[in-house]
Every structure is written in structure tokens, then in C-alpha cells.
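In what follows, a structure is listed as C-alpha cells, so that the remarks can point back to it.
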Amino acid sequence: MYQVGELVLYGSTGVCRVEEVREQNFPTTGEKRLYYILRALYEDCVISAPVDSDKVFIRPIITKDEAERIILDMPKAEVTIYHSRVPKELTEQYETVLKHYDCGALVGLTKSIYAKKLSLQEQKRKFGTVDERFLKRAENLLFGELAAALEIPRDQVQDYIESKLAAV
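The sequence shown begins at 11 in the numbering used here and counts up by one.
Right under this line is the structure:
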């Protein structure tokens, strides 16, 4: 069970702080359940999630050491560019990666979509809206968790990564 004040990754919402753990009663059923009250760090929302639910992914955020390792391993991340003229197929491929909520996988996905963007620009072709949307989602999840782990503002993550990789 997570403790009040702990930072967790909550599904596609991203990093949240556990604000409270409380029991909620449901008078119509007589049921009592424990709930996490989560406040998103990078969105303006509060979430009430059952402690015992397995419907939404929740885990502790990575440590500062893990964040540093992920950054240093970024140049080695595999780039697999996904192409499809069918937006649904592309969406399914990207969703499969996102559902793991793994920083390493997010690095690979972000690098892959960005490489696709550069390739299309060189060919003077349009970058698709599905690609753009998933690039933004992957970056938001990745940069949000790195920022929280490194205890820096999210808008400084890109510069932090660049400075770390330039020093290697």
C-alpha cells in the first residue's frame, strides 16, 4: 500500500502524489473500500482510486539513480519506426508500448516517433496527427516521471538530458 506523500505513476495520468488513504462507505450496498486520493503533479485533477483495484496501472515512480541511468542509456535505445496508412493500426502499436508504463520503452517510442518525424521532414512529407499525439503523450509521461525523480521542473528535463549526454 502506498503512503501519504508518496509519488506514484497512475496510468496515463502520469505522476501523482498520494494525498490521502481513506475508507469510503457505500450505504446502498453496505460495502466499505479503501481509496487513494491522488493529486496529479502535471494536470489539474484529483483522482479517487480503490486501493485494491487492478483496472488502472499504478506503481512507485523511478528513483533518481534509475532516472540518471535511463538518461545515460538513451543513445543506446532501439529505434523502430512504425509505418501504417491505417491510423487505427498505428494507434494500436503505440498504445501497446504506452500500456507498459516503462521509461525505457517510452524512450524507445519517443526516439522512434521523433526519427520518423525527421525522416518525413527530409522527404518533405507531412507528419501525421496520430504520430504527433503519441509523441506528445510519450514525452509527457517520460519527462514527467524523470522530472519527479530528479526533483526538477518538467520544462527543464530536455535541457537536463542534453547536458548529461553532452558530458558523456
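From the three backbone atoms N, C-alpha and C, an ideal C-beta is built for every residue, glycine too.
Taking all protein chains shown into account, Asp141 has 16 or more neighbouring C-beta atoms within 10 Å of its C-beta and is therefore buried.
Measuring C-alpha to C-alpha distances from Gly24 to each of Ser173, Leu151, Leu82 and Val14 identifies Leu151 as the nearest. Rounded to whole angstroms, Tyr104 and Leu160 show a C-alpha spacing of 26 Å. Ala59 and Leu48 have their alpha carbons spaced roughly 8 Å apart. For Gly15, no alpha helix (DSSP H) encloses it, and the DSSP letter there is neither H nor E. Looking at the DSSP output, Gly24 bridges to Tyr20. Lys136 and Gln34 have their C-alpha atoms roughly 50 Å apart. A distance of 9 Å or more separates the beta carbons of Ile171 and Ala148.
In the DSSP assignment, Val31 is bridged to Tyr46.
For Ser94, no alpha helix (DSSP H) segment is defined, and its DSSP state is neither H nor E.
Under the three-state reduction of DSSP output, Ser58 falls in the strand class. Under the criterion of beta carbons closer than 8 Å, Ile68 and Tyr20 qualify as touching, at roughly 5 Å. The Cβ atoms of Val18 and Arg32 do not sit closer than 9 Å to each other.
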